Amino acid sequence: MTSEKKKQSLVKEFVTSGISVGTANIVTLPLDVLKVRLQLQAASFSSKGKQRSGGQARGLLATGASLVRQEGFLALYSGLVPAVGRGLTYGGARLGTYSTIKRALGGDEDHISLLRNLIAGCVSGGFAAAITNPLDLVKTRLQSKDTPYKTIGEVVRAVVRNEGIVGLWAGTMPSVIRAAALTATQCASYDQAKQWWMRTTGMGDSFATHFGASMLTGLATTTVTAPVDLIKTRMFMSGRRKYSSVVNCAVVIVREDGPFGLFKGWTAQYLRLGPQTTVIFVIMEQLRRLSGLDAL
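In the working numbering, the protein residues as written are -17 to 278.
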């Protein structure tokens, strides 16, 4: 492949991935908002459900009903602009570079290809999260309950004023870890699930295969990334003031809420990540086919 063709291929990878993730973010944004609310709500209750600060423990449906009743339906789309912006950039970077890194690593034997896919996912996901962390931080702060911010600019100015420019990268480490785990699990699981689905059902590389394999992928991805996602959300909201490190944040959560506290918001996360993963891979497969790229 010539240098020009490689460049065109990388651009296509980035664009098709960015559009797929951006679309998925729009479709599942209300569930992302509920997930954030549930994760932050956990900080106000002990493992026995004893209230530590104002409010009342709620489940997914109760949280959603309360949010709409108190803040209006549009509150479900809080942080829409940074969510879409991050989807286009972060999604394009993490999934757009995955195939390129995977090809560069080589190795198609089964026992090597799985490790190769995991490594490629970790590298592409971590890289994408690091460069787009400010967008994720802004989105999370706009989605929190009783947020004083109305616009992206307000959040950025407040963070820079109180914590300096480096404050925009608060929570970068858990964000990078989550993105690495997400991309590695998502892409490697999808590769394996797709092959398994075709062998088991006898179906070819079709829409039904893409749909079935991506649903299985969503379940695996949610379980692997739920604890890191919770830690990331807590650190985004508290900045550098409450938690000194990723480990410190995890220890505090386990001490206050027990081991299962790390999975607070799992249902909301799966209800979001399951459909999101399906939308991402189904759209991406079609866009890759239309743009002349190989199937995933």
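Beta carbons: idealized from backbone N, C-alpha and C, even for Gly. Just so we're clear, the structure is a prediction, and the values are computed from it rather than from any experiment.
Next item on the list: Would you identify the three-state DSSP class for T167, choosing helix, strand or coil?
Entry: Taking the sequence shown and counting its residues from 1, one reaches residue 167 at position 185. Three-state result, T167: helix.
Checklist line | Residues near G74 by beta carbon distance below 6 Å, same chain, minus five either side | finding: Counting from 1 along the sequence shown, the entry for residue 74 is found at position 92. The answer, listed in chain order, is F(-4), S(-1) and G0.
Next item on the list: Could you check if V148 is buried or exposed, using at least 16 other CB atoms within 10 Å of its CB as the buried criterion?
Entry: Taking the sequence shown and counting its residues from 1, one reaches residue 148 at position 166. Label assigned to V148: exposed.
Check: What do you get for N144, buried or exposed, if any count of 16 or more other CB atoms within 10 angstroms of its CB means buried?
Finding: As a first step, residue 144 must be located in the sequence shown, where it is residue number 162. By the neighbour-count definition (other C-beta atoms within 10 Å, threshold 16), N144 is an exposed residue.
Margin query: I'd like to check one pair, M219 with S106: are the Cβ atoms closer than 8 Å?
Written below: The sequence position of residue 106 within the sequence shown is 124, counting from 1. The sequence position of residue 219 within the sequence shown is 237, counting from 1. Taking 8 Å as the Cβ cut-off, S106 and M219 do not qualify as a contacting pair.
Margin query: Please tell me whether V261 and T5 are closer than 8 Å, where the distance is taken between their beta carbons.
Written below: Translated into the one-based positions of the sequence shown, residue 261 becomes position 279. Translated into the one-based positions of the sequence shown, residue 5 becomes position 23. Yes, they are a contact pair.
Check: Under a three-way DSSP split, which group does P12 fall into?
Finding: Within the sequence shown, residue 12 is the residue found at index 30, counting from 1. In this structure, P12 counts as helix in the three-state DSSP scheme.
Note to self: For D211 and S81, I'd like the C-alpha separation in whole angstroms.
What the structure shows: Along the sequence shown, read from residue 1 onward, the residue named residue 211 stands at position 229. Along the sequence shown, read from residue 1 onward, the residue named residue 81 stands at position 99. Taking the straight line joining both Cα atoms gives about 24 Å.
Check: Considering only the beta carbon of each residue, do T116 and L62 sit closer than 8 Å?
Finding: In the sequence shown, counting from the first residue as 1, residue 116 sits at position 134. In the sequence shown, counting from the first residue as 1, residue 62 sits at position 80. Reading off the sequence shown, one finds Pro at residue 116, where the question assumed Thr. Going by C-beta atoms, P116 is not nearer than 8 Å to L62.
Note to self: Would P156 and I113 be called neighbours here (beta carbons separated by less than 8 Å)?
What the structure shows: The sequence position of residue 156 within the sequence shown is 174, counting from 1. The sequence position of residue 113 within the sequence shown is 131, counting from 1. No, the Cβ-Cβ distance between P156 and I113 is not below 8 Å.
Note to self: Starting from M185, trace the alpha helix (DSSP H) in both directions and tell me its first and last residue.
What the structure shows: Walking along the sequence shown from the start, residue 185 turns up at place 203. It is not in any alpha helix (DSSP H) - M185 carries neither H nor E in the DSSP assignment.
Item checked: Contact under 8 Å by Cβ, T207 with T167 -> For the purposes of this step, residue 207 is identified with residue 225 of the sequence shown, where counting begins at 1. For the purposes of this step, residue 167 is identified with residue 185 of the sequence shown, where counting begins at 1. The answer is yes: Cβ separation under 8 Å.
Checklist line | Start and end residues, alpha helix (DSSP H) containing V137 | finding: Translated into the one-based positions of the sequence shown, residue 137 becomes position 155. Run containing V137: I134 to E145, per the alpha helix (DSSP H) assignment.
Notebook entry, point to check: Using DSSP with H/G/I as helix, E/B as strand and the rest coil, what is R123?
Noted result: Start at 1 with the first residue of the sequence shown, and residue 123 comes out as number 141. In this structure, DSSP gives R123 a helical state, which the three-state scheme calls helix.
Checklist line | Beta-carbon proximity list for G200, same chain, < 8 Å, skipping 5 on both sides | finding: As a first step, residue 200 is located in the sequence shown; it is residue number 218 there, counting from the start. Apart from sequence neighbours up to five positions away, the residues of its chain that approach G200 with a beta-carbon distance below 8 Å are Y252, L255, G256, P257, Q258, T259 and T260, ordered along the chain.
Next item on the list: Grab the span of the alpha helix (DSSP H) containing F263 for me, first residue to last.
Entry: On the sequence shown, position 281 is the one that residue 263 refers to. That run of the alpha helix (DSSP H) goes W248 to S273.
Next item on the list: To the nearest angstrom, report how far apart K(-6) and G88 are at their CA atoms.
Entry: Here residue -6 refers to the residue found at position 12 when the sequence shown is read from its first residue. Here residue 88 refers to the residue found at position 106 when the sequence shown is read from its first residue. One Cα belongs to K(-6), the other to G88, and the distance between them is close to 21 Å.
Notebook entry, point to check: Cα-Cα, which of P209, G41, D128 and D173 is closest to A195?
Noted result: Residue 195 sits at position 213 when you count from the first residue of the sequence shown. Considering only alpha carbons, the answer is D173.
Next item on the list: Return the chain-ordered list of same chain residues with a C-beta closer than 6 Å to the C-beta of R160, the five sequence neighbours on each side being excluded.
Entry: As a working mapping, residue 160 is identified with position 178 in the sequence shown. These residues qualify, in order along the chain: T207, V210, D211 and K214.
Note to self: What does the Cβ neighbour count give for S280, buried or exposed, with the cut at 16 atoms within 10 Å?
What the structure shows: For residue 280 there is no data in the structure shown, the boundaries of the chain being -17 and 278.
Next item on the list: Kindly indicate which three-state DSSP category D118 falls into: helix, strand or coil?
Entry: For the purposes of this step, residue 118 is identified with residue 136 of the sequence shown, where counting begins at 1. In the structure shown, D118 sits in a helix (DSSP, three-state: H, G or I).
Note to self: Buried or exposed for T183, going by 16 or more other Cβ atoms inside 10 Å?
What the structure shows: On the sequence shown, position 201 is the one that residue 183 refers to. Counting the other CB atoms within 10 Å of its CB gives T183 a total below 16, which places it among the exposed residues.
Note to self: On the DSSP letters alone, give me the boundaries of the alpha helix (DSSP H) that D239 sits inside.
What the structure shows: As a working mapping, residue 239 is identified with position 257 in the sequence shown. Unbroken alpha helix (DSSP H) run through D239: V228 to D239.
Next item on the list: Using the Cα positions of R270 and V141, report the straight-line distance between them to the nearest angstrom.
Entry: Mapped onto the sequence shown, residue 270 falls at position 288. Mapped onto the sequence shown, residue 141 falls at position 159. Cα to Cα, the separation comes out at about 39 Å.
Item checked: Where L278 sits in the DSSP three-state scheme -> Sequence index remark: in the sequence shown, residue 278 carries index 296 (1-based). Residue state, collapsed to three classes: coil.
Item checked: Simplified DSSP state of Y59, which is helix, strand or coil -> Taking the first residue of the sequence shown as position 1, residue 59 is located at position 77. The answer is helix: DSSP assigns Y59 an H, G or I state.
Next item on the list: Within its chain, find whatever has a CB closer than 6 Å to the CB of G69; leave out the 5 residues flanking it on each side and keep chain order.
Entry: Taking the sequence shown and counting its residues from 1, one reaches residue 69 at position 87. These residues qualify, in order along the chain: V3, G4 and N7.
Check: How many angstroms separate the CA atom of R76 from the CA atom of G108?
Finding: Taking the first residue of the sequence shown as position 1, residue 76 is located at position 94. Taking the first residue of the sequence shown as position 1, residue 108 is located at position 126. Rounded to whole angstroms, R76 to G108 spans 8 Å at the Cα level.
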